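S.K.:
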Amino acid sequence: RWIEVLVLDGTRRLGSGLLLPAGPLREFSSRAKTVDFVVTNGEARQGEIKMTTVLTQCVNLVSGETRTLSEMDQHQFVAVTGIGHARRFFDQLTQAGVHFEPQQFPDHHVFSEEDFTRFGSGGVLMTAKDAVKCRTFARPNWWQVELKVDLPPEFIDGVLHQLSSAVEGAE
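One rule links them: number in this note's numbering = place in the sequence shown (from 1) + 71.
Right, here's the structure in full:
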């Protein structure tokens with residue numbers, strides 16, 4: 072590996088410190104000391120890089136049609152997610168003026184058609200991570216909400232420098 076980046080929730084950090092499935096970690100917490108960059112979504116500590124995220128548009132899971140979030144604010148949706156920190160997704164939808172009923176599933180949930188029967192025929196919004204799991208049984212009024220990640224220039228510069236050094240060392 073030439074570059075290793077750890078992405079953390081700036082609030083929850085390493086959580087309970089336990090590995091999946093008991094906790095949120097995919098590797099032991101000691102691994103955080105060996106990465107090249109620590110990027111946080113939210114509050115950053117000394118030596119960490121803060122990224123920001125913003126919801127940008129919605130993409131229909133069936134037709135591929137795109138709509139702005141402002142076009143979605145005239146409808147009522149069920150916002151479904153199986154991500155670790157669903158509150159952030161729901162908060163961003165609220166800030167964008169979207170009207171929805173939140174429905175949170177466990178992190179890494181494997182969605183099935185049956186999960187959606189209780190929501191009737193109304194519109195559904197979901198994250199890109201969740202949309203991948205639902206495409207095969209998606210309905211025409213289901214939408215993936217796109218997320219844009221902004222990273223500061225110093226992170227990009229650091230990655231480019233690290234790559235350049237790795238390539239030079241490999242020659």
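Backbone N, C-alpha and C fix where the C-beta goes; we use that ideal spot for every residue, glycine too.
Predicted model only: the values in this text are computed from it and were never measured.
Extract the residue ranges of the beta strand (DSSP E) inside the stretch 167-200, only unbroken runs of 3 or more that lie entirely within it.
M.R.: As far as the stretch 167-200 is concerned, its whole beta strand (DSSP E) runs of at least 3 residues are 170-175, 194-198.
S.K.: From the DSSP output, read off the bridge partner residues of K121.
M.R.: The partner list for K121 (beta bridge, DSSP) reads T111.
S.K.: Could you pull the DSSP bridge partners for D221 from this structure?
M.R.: Paired residues: T123.
S.K.: By the three-class DSSP mapping on this structure, what secondary structure does F208 have?
M.R.: Helix at F208.
S.K.: Starting from E140, trace the beta strand (DSSP E) in both directions and tell me its first and last residue.
M.R.: Position check: residue 140 holds Leu in this sequence, whereas Glu was assumed. No beta strand (DSSP E) contains L140, which is instead part of the alpha helix (DSSP H) from 140-143.
S.K.: How would you write the range of the beta strand (DSSP E) that T152 sits in, first residue to last?
M.R.: Unbroken beta strand (DSSP E) run through T152: 147-152.
S.K.: Assuming contact is defined by CB atoms lying nearer than 9 Å, are V222 and T198 in contact in what I supplied?
M.R.: The amino acid at residue 222 is misidentified as Val; the sequence shows Leu. Cβ distance not < 9 Å, so L222 and T198 don't count as in contact.
S.K.: Pick from K200, F187, T127: whose alpha carbon is nearest that of Q166?
M.R.: Comparing Cα positions, the closest option is T127.
S.K.: Count Cβ pairs between the stretch 205-216 and the stretch 131-138 that sit closer than 8 Å; are there 3 or more?
M.R.: Yes, the stretch 205-216 is in contact with the stretch 131-138.
S.K.: By Cβ distance below 6 Å, which residues in the same chain neighbour T139 in space, the five residues on each side in sequence not counted?
M.R.: So the qualifying residues of the chain are Q128.
S.K.: Please work out which residues of its chain come closer than 6 Å, Cβ to Cβ, to L231, disregarding the five sequence neighbours upstream and downstream, and give them in chain order.
M.R.: The answer is none, since no qualifying residue turns up.
S.K.: Please state whether DSSP places T82 in a helix, a strand or coil.
M.R.: Coil at T82, not helix or strand.
S.K.: Roughly how far, in whole angstroms, is the beta-carbon of Q147 from the beta-carbon of G193, given that I think they are within contact range, below 8 Å?
M.R.: Sure, about 7 Å apart at Cβ, within 8 Å.
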